[in-house]
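Chains as they are written, first to last, in the numbering used here: chain B, 8 to 344; chain C, 8 to 344; chain L, 8 to 344; chain U, 8 to 344. Idealized CB from N, CA, C, for every residue including glycine. Notes to accompany the following structure.
Number of protein chains: 4
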Amino acid sequence: MIVILKQNASQERIDALMQSIRAQGVDIHFSRGTQETLLGLVGDTTHVDEDWLRANDIVADVRRVSEPYKLANRRFHPQDSLIPASNTVIGEGHFAVIAGPCSVESEEQLLCVAQAVKASGATLLRGGAFKPRTSPYSFQGLENRGLELLRLARQATGLPIVTEIMSETQLDDFADVDVIQVGARNMQNFRLLKELGHCKKPILLKRGLSSTIEELLMSAEYILAGGNENVILCERGIRTFEKMIRNNLDISAVPIIKQKSHLPVIIDPSHAAGIAWMVEPLARTAIAAGADGLMIEVHNNPKCALCDGAQSLDPVQFDHLMQDVRRRVAFEGKQLG
Amino acid sequence: MIVILKQNASQERIDALMQSIRAQGVDIHFSRGTQETLLGLVGDTTHVDEDWLRANDIVADVRRVSEPYKLANRRFHPQDSLIPASNTVIGEGHFAVIAGPCSVESEEQLLCVAQAVKASGATLLRGGAFKPRTSPYSFQGLENRGLELLRLARQATGLPIVTEIMSETQLDDFADVDVIQVGARNMQNFRLLKELGHCKKPILLKRGLSSTIEELLMSAEYILAGGNENVILCERGIRTFEKMIRNNLDISAVPIIKQKSHLPVIIDPSHAAGIAWMVEPLARTAIAAGADGLMIEVHNNPKCALCDGAQSLDPVQFDHLMQDVRRRVAFEGKQLG
Amino acid sequence: MIVILKQNASQERIDALMQSIRAQGVDIHFSRGTQETLLGLVGDTTHVDEDWLRANDIVADVRRVSEPYKLANRRFHPQDSLIPASNTVIGEGHFAVIAGPCSVESEEQLLCVAQAVKASGATLLRGGAFKPRTSPYSFQGLENRGLELLRLARQATGLPIVTEIMSETQLDDFADVDVIQVGARNMQNFRLLKELGHCKKPILLKRGLSSTIEELLMSAEYILAGGNENVILCERGIRTFEKMIRNNLDISAVPIIKQKSHLPVIIDPSHAAGIAWMVEPLARTAIAAGADGLMIEVHNNPKCALCDGAQSLDPVQFDHLMQDVRRRVAFEGKQLG
Amino acid sequence: MIVILKQNASQERIDALMQSIRAQGVDIHFSRGTQETLLGLVGDTTHVDEDWLRANDIVADVRRVSEPYKLANRRFHPQDSLIPASNTVIGEGHFAVIAGPCSVESEEQLLCVAQAVKASGATLLRGGAFKPRTSPYSFQGLENRGLELLRLARQATGLPIVTEIMSETQLDDFADVDVIQVGARNMQNFRLLKELGHCKKPILLKRGLSSTIEELLMSAEYILAGGNENVILCERGIRTFEKMIRNNLDISAVPIIKQKSHLPVIIDPSHAAGIAWMVEPLARTAIAAGADGLMIEVHNNPKCALCDGAQSLDPVQFDHLMQDVRRRVAFEGKQLG
């Protein structure tokens, strides 16, 4: 961490600042030049607060050099993490395919889709019971009845279930869920993240629409700091100026996260694309980028879906996609599930 | 709402689609051209689901013409809303100044700041008891002790208090708060919004860092649809590529919201700027744009603040700002408080 | 194209507007509803000016349904274009690898890199003679001497040369260049685009840092409309809020452009990444997305490069990359060059 | 400038690097810590190339502390610049209003608008003779005939004329223009900027749609470095995700530029808004922010304008705006012209 001091800072004020910094267990290298004076903070600066430094009126600027996250950091955990999720694992060469409807609509719908995606090779079943919708007038999900149907579908297919939580008050209802998903809009719902840190379940943490990769890793850090090591990251498109796609899939997030962190990262091409025909080409790029899995929306009858039908594949399209996915996962030297 | 059909759609499929649309109480004007066929949906289309239309494989695209929000819409509520907040009001020519520390740190600090901002002319007191922090290692607020201190400061100064809620589980603890703030990161925490719709307190709803104005109005609609009419909107900077400011203050949001909605809108220049010297020029633009108020961070000793010190004014700077604000509010033909 | 009229528009004014539209050879379907009145313009609306419509005070909004580009549009040219470039071709299953230094620095440097990339399998040689630099104090290129060295390197290796033009005044100097590159900052230099439309050389048109895909296609349309059919598009990263990469590679641009246009599209992972280690993973995603080629910066001694050294591969790294590229291009059923 | 070295860098390599840096006349402060080793470069680092440093494989990162521009920098030129433009001046308390049609369409149109804006108090006349249009099929301007008409309008009204240049080949034709405008799309047309540095005319340099403020200042630096000190900067909206405005007016650019540079800065609310009703509120914020002027599109008959009619005011609306502008300019203690 580097602190740039104002040119007119008095030596007395500088000494006082250096003393408070050293009191936090950090060493300082001091460089005074004609145009600027720098403090180089060396040692573990994770707990040094940038805001506190910036607020000092002799400080012109602060630049962080080392990452502000520790438990999520590959530097201190060089090996890839392998996350167990019921009868399957995610990461370290095990490629996950999480498929299912955007929202659980009925027993018939869910079982039909679950059996179809299982037959095509999906390794986990997704389905929304509680739906975060922009409009209060849109369908909000079957709620607890949806969770019940997911358990039923798991029983019928053996697929572990992944579903989205909306609030820390639901943790008891989610006790029987295999992977708890945190949606993009809740990526910085810190109350929820803290509570998820106290359970042991795998957490699928989606990146916010305009969250930086560092913010995503800091949100993972919240869960890890609570004691839960089972975090899977998910990139699902970021918000940009481009109008021809719903959200711009940030494919470079995969190699960047892999370099910075040991946590597995999967791609959700359905939410990025917003339209079914683009799911397959984006899924191909995810595999090539080194992602640890895919999350794909599948609906038995997309044109009757209660939400996000436009981006859902039907079972025939999904089966076609999976044939391609298999070839590509093998090409990358990984295995499905 | 306009539905653009694919060129090869059969008349049979078109008829079926038109029938399902009409069943929702909406009229259709049908235009067939050589290059495209259009359905013009006329009537109240608030409840017609765009996703459902897009998922139909004979549909090429859907364009909404009228706004998807109704209760927040000026079209159906032409007069400005005036929101009562304890002993003051916000909107319709009443300009609010909400000032105070980013976070409540101690009785001494809060009382000192509260008395100073009161003396300078602030109309409400802000202060964070629960702090949403990017890092789990940063100060998280005094929590319920902070709420207690805010009540004390209200008693001492007579200023109504504004503080941020983090979760719907805190509603009982917030029963005695005058204005409940929803932070930018929780703008689409729909569980929280729904519960806030069931209380009668004024809600200060901050725009998310990359939320569109329409999404902000849809989040307000969640609260309004629950029966709570007391919503105040707050613009606090959006995330862009520019690096010289923390968040780009979207000043055009003020005239746009004023045209689209009857709800009051205030500006938080402190969070946009991220640095104290920029607060005053941004505050000036807010008044000129027609905003209904300002939210300003003030700290008795910014360089010792536990969060956001860099953007906080000290009481002398705030007093200087308020002298300018008074002149400008009068120039616009409005009154303070 | 759909024109949405204001609610209070008089029939007389509507009739006048409809008459002026019909005078442009376009049919109109008229739909009057209780909340909105719509004009559906059907026929070839490429020449109807949206601005002219929007300026009419009875018009509330205008939505274009069909694309504003014609010659670049796949709808009117369903087959992929195959662009000849001296002794090679680009598109339709022919995968191009354009490699070389960011800027030409000396005869020794260029020949060394040219021979190395040729040996590793590159199909074209790139090298900047004129460099667009943000700072007037940075190295601006060897200029005409650089063009001379490129010709020399072509003679030595047989590789066609690709280099960037800065102004239409340079066209004579570029007469002997095989592919003329238009840089991202000049994508909307319309004087230059018009002149390039009058020559017959292949043009490599790079997408601007925050240009939409539609704007890129409109810039291609400028060249095509001038009579030059040989346009190759290039995606090289867009500007977003993310700080861990120089520019966010917009990988979805590949399938979108392929759907909208018949022109080939290549990816420049070097400029997107801004850092050498990320070039290889991004190149893999480009091939998987269906791109028609790659543009890669290679330098014999990156740490002494006069520009963009950080993102340049050295010849050994490039050779390693090409072994992987070969396998992947074959996997996609395409051939190199 | 701070250079962060990789942990494993050998002392020999570090010494070599430090020697090459010192050879550029820059001092170094060296700090070795347990987690990172830093070089603090002190002295004039304007000419030290970040790219060159980054390309060195022992370098992990480079952070610039001081600004890369010198002539545009307020640090070395503390007083505001006052730019003469024919019979008027811009900056230092002199507020400019540049008004006129988007494009010159006919003698009648231009004279009518010019006389109207003069009567309402405009201090300069704008009008496009060469128009940069996204589509090759849109009206491209009257070209040299347009320049002729502008001279005629100047003669009739006495207003200095401002018009946009497209290429350095037009400099002779622009010899009689009072202020040469560089459009947003040409902000980084470096050939053009260099040539403009060799003339003595005032240059109105518009910020690119997604250019950072630093890039804008670097483009100004190109002109200043050529010897032309008469540069006026113009903010006209940036590209973001928001859909309710054409471009987000970045109002904070005004105080930021004022702090960083001595050059005057004006605001173009017409191009930002894209719609006439929003011009007035945005103009108000520009004055409050401390801008040195406004650039406003006015058309005698907006609904027949050949371009950008939707955002043009008619003479009556402009006169109304000017009455408000006068009051506000006086309130800020400035004078018109």
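Quick one: Cα of residue i to Cα of residue j, how far?
i                 : j                 : result
SER32 of chain L  : LEU270 of chain L : For clarity, residue 32 of chain L is Gly in the given sequence; the question names Ser instead. Cα to Cα, the separation comes out at about 29 Å.
THR164 of chain C : ASN15 of chain B  : 39 Å
ILE220 of chain B : LEU149 of chain L : 39 Å
CYS314 of chain L : VAL120 of chain L : 15 Å
TRP59 of chain B  : VAL96 of chain C  : 35 Å
GLN93 of chain C  : LEU343 of chain C : The question names Gln, yet the displayed sequence has Ser at residue 93 of chain C. In a straight line, the C-alpha of SER93 of chain C is about 15 Å away from that of LEU343 of chain C.
GLY234 of chain B : MET225 of chain B : 14 Å
HIS205 of chain L : ASP183 of chain L : 16 Å
SER73 of chain B  : LYS250 of chain C : 20 Å
PHE137 of chain B : ALA160 of chain B : 17 Å
LYS213 of chain B : ILE172 of chain B : 12 Å
ARG140 of chain C : THR53 of chain B  : 14 Å
GLY98 of chain L  : ASP299 of chain L : 5 Å
THR247 of chain C : GLY134 of chain L : 33 Å
ARG71 of chain U  : VAL55 of chain C  : 53 Å
GLU287 of chain B : ASP326 of chain B : 11 Å
LEU231 of chain B : ILE11 of chain U  : 28 Å
Buried or exposed, going by whether 16 or more other CB atoms sit within 10 Å of the CB of residue i?
i                 : result
PRO91 of chain C  : exposed
GLU228 of chain C : buried
ALA349 of chain B : Residue 349 of chain B falls outside the range modelled here, since chain B spans only 8 to 344, and no answer is possible.
ALA30 of chain L  : exposed
ARG334 of chain C : exposed
ALA23 of chain U  : exposed
VAL323 of chain L : exposed
GLY100 of chain C : exposed
With DSSP collapsed to three states, give me the class of residue i.
i                 : result
GLY50 of chain B  : coil
LYS77 of chain B  : coil
LYS341 of chain C : coil
GLN188 of chain C : strand
HIS36 of chain L  : strand
HIS205 of chain U : coil
ASN193 of chain L : helix
ALA227 of chain B : helix
ILE273 of chain L : strand
ALA317 of chain C : helix
VAL55 of chain U  : coil
CYS109 of chain B : coil
GLU242 of chain B : strand
VAL104 of chain L : strand
Return the residue from the list the options that minimises the CA-CA distance to residue i.
i                 : options                                : result
ASN254 of chain U : U:PRO209, U:GLN318, U:ARG291           : U:GLN318
LEU216 of chain B : B:ILE273, B:HIS278, B:GLU175           : B:HIS278
PRO276 of chain U : U:THR247, U:ALA293, U:ILE263           : U:ALA293
ARG152 of chain L : L:PRO139, L:ARG133, L:GLY297, L:GLU114 : L:GLU114
ASP34 of chain L  : L:VAL49, L:LEU231, L:ARG20             : L:VAL49
PRO256 of chain L : B:SER127, B:PRO309, B:SER38, B:LEU289  : Going by the sequence as given, residue 256 of chain L is Leu instead of Pro. Taking only the C-alpha atoms, the option nearest LEU256 of chain L is B:LEU289.
ASP321 of chain L : L:SER127, L:GLU339, L:LEU78            : L:SER127
GLN162 of chain B : B:ILE210, B:LEU132, B:GLN177, B:SER174 : B:LEU132
### Task
Answer yes if the region 236–251 of chain C comes into contact with the region 138–156 of chain B, meaning at least three C-beta pairs across the two stretches below 8 Å, and no otherwise.
no
### Task
Flag this pair as touching only if the region 92–112 of chain U and the region 289–306 of chain U have three or more C-beta atom pairs under 8 Å; answer yes or no.
By the Cβ criterion, the region 92–112 of chain U is in contact with the region 289–306 of chain U, since at least three pairs of Cβ atoms, one from each stretch, lie closer than 8 Å.
### Task
Determine contact between the region 220–235 of chain U and the region 179–199 of chain L, defined as no fewer than three beta-carbon pairs at a distance below 8 Å.
no
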